[in-house]
Structure formats: structure tokens, C-alpha cells
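The opening position of the sequence shown corresponds to residue 343 in the numbering used here, with each subsequent residue numbered one higher. We treat Cβ as the ideally placed atom computed from N, Cα and C, and that holds for glycine. Remember, it's a predicted structure, so these values are computed and weren't measured experimentally.
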Amino acid sequence: MKISEGRELVLLEGDITEQKVDAIVNAANSSLMGGGGVDGAIHRAGGPKILEECKAYVAKHGRLPTGQAMITTGGDLPARHVIHTVGPVYRERQGVAGRSRDEQGKLLSSCYLESLKLAAEKGLRTVAFPSISTGAYRYPLNEAAPIAVKAVKDFLAQVSSVGEVRFVLFNKETYEAYVNAAGA
Ligand code: APR
């Protein structure tokens, strides 16, 4: 879907580790030590160099806060870089410790915006996202998809090096949710 001249939002069903783009985004956790889901797939396909750079980052800066992003090599992946971001863990009840639904939405949006800002700082042109937080972090798909699409569309409306953003969705249900959210 063309957002404006030379800026494109692409939705596809597939495996993000196969994307030949400047950067793929990883739905990581704050430790940056890998995990399951897309995090596990990216470290498996990308090889040990990615984890080495994550460890060096944590040694220097500490754990990556929710909503923030950092960048490593793509290692053995077809993508040149991996941008790691930490999505919010969705909680139904908002107790004292819990975040309000609005705060959770802001943090999810921040994952996309901070990742795209980092890509633009590095002069990258093509970026691929998974559906952040909608797996192990249990963010409801029908709430997450509109937040994700809006954040990316808003960013693409600005001038930056980023010309193409892909959502690479791992199953039909997730793909349909993003198609609906994009109004495609
Ligand atoms: N390509 C694209 N998307 C994928 C892939 C893949 N190879 N593998 C999984 N996904 C999808 C899932 O189907 C889901 O739609 O990524 C989305 C996000 O799910 P998770 O990977 O579980 O990520 P998240 O919900 O953000 O939870 C992050 O899980 O793996 C751990 O270390 C990670 O603690 C962190 C937590």
C-alpha cells in the first residue's frame, strides 16, 4: 500500500528470518538473551554474532526497557541488521503495579516508533516488523494491529531514509488482523 510518494507499507504472510531487507525487528525481552517465538527464530537463523552484540549492549547499558530499541548485526540472516525491541506484556487487570490499557498502547506504539527512528538514524531504507507482543506477551491482536499500523503510517508520513516498511505475519489470523487494521 503506497502511503505517499516513495513510501510503502507492505503486509505479507511469512517468516521474518527470510526477509532480505536492511533491518528486521525482533520482539525481544529486556534481557536480550533470546527466547522463544520470533526471538528464538531470529537467534537460531542469525547465529551467535547477534547474541554477542546483545551481551555487549547489556554489559554497557543494562537491560533494554520496554518500548525502547537497539540494533545489532544481522549475522547469518539475509537482513543486514536486527533491531531488537521489547513489547509490553499485556495485562487485563490494571492493578497498582499494572499499566493502564492506554499506557500499554503507548508502549507498544513506542516499539515501532523507536525502531523506525533507529533505522532512520542509520540511514536504512527497508524495515520488516513482526506482530510485536501478540504472542507470548498476549496482547490482543485486534487491539495491537491498529496501534502498530497507525504508528508505522505516522512515521512514514515524515521525511526519513525509510522508504518501505513490511509487516511479516506468521499466520493467516495475524495477517487478516493487520489487513483489516490497514484498511487495505
Ligand atoms: N516470523 C514472523 N513472525 C513470527 C515468527 C517468524 N519466524 N515466529 C513467531 N512469529 C510471530 C508470532 O506468531 C506472533 O504473531 O511473532 C509474533 C510475536 O510473538 P512472540 O514471538 O511470542 O513475541 P511477543 O509476544 O512479543 O513475546 C516476546 O517471547 O520469545 C519470547 O524472548 C521473547 O520474552 C519475549 C517474548
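Would you mind working out which of D418, A490, I366 and Y479 sits nearest E434, comparing C-alpha positions?
For E434, the nearest C-alpha among the options comes from Y479.
Helix, strand or coil, according to DSSP, for N513 in the structure here?
Three-state DSSP puts N513 in coil, outside helix and strand.
Tell me the residue span of the beta strand (DSSP E) that contains R349.
Counting along the chain, the beta strand (DSSP E) containing R349 begins and ends at R349 to E355.
Would you mind sorting N484 into buried or exposed? The rule is 16 or more other CB atoms within 10 Å of its CB.
The residue in question, N484, is exposed, as its Cβ has fewer than 16 Cβ neighbours within 10 Å.
Taking the alpha helix (DSSP H) that I384 falls in, what are its first and last residues?
It spans G379 to G388 - the alpha helix (DSSP H) in which I384 sits, taken as one unbroken run.
Is any heavy atom in the ligand SAM found nearer than 8 angstroms to the beta carbon of T408?
This structure lacks the ligand SAM; its bound ligands are the ligand APR.
Comparing alpha-carbon positions, which option in Y399, I366, Y432 and T414 lies nearest K448?
Checking every option, the nearest Cα to that of K448 belongs to Y432.
Give the C-beta separation of P420 and L450 to the nearest angstrom, bearing in mind that I take them to be a contact with Cβ-Cβ under 8 angstroms.
Incorrect: roughly 27 angstroms between the Cβ atoms, too far for contact.
Rounded C-beta distance between I413 and K464? I'm assuming under 8 angstroms.
Between K464 and I413 the Cβ distance is about 7 angstroms, and since that is below 8 angstroms, they are a contact.
In or out: Q500 buried (at least 16 other Cβ within 10 Å) or exposed?
Q500 comes out exposed.
Just checking my contact of V283 with L354 at CB under 8 angstroms: how many whole Å lie between their CB atoms?
With the chain running from 343 to 526 in the structure shown, residue 283 is simply not present.
Assign V367 to one of three DSSP states: helix, strand, or coil.
In this structure, V367 counts as strand in the three-state DSSP scheme.
Taking contact to mean 3 or more Cβ pairs, one atom from each stretch, closer than 8 angstroms, check whether the stretch 366-378 and the stretch 519-526 are in contact.
No, the stretch 366-378 is not in contact with the stretch 519-526.
Where does T427 fall in DSSP's three states?
DSSP places T427 in strand when its eight states are reduced to three.
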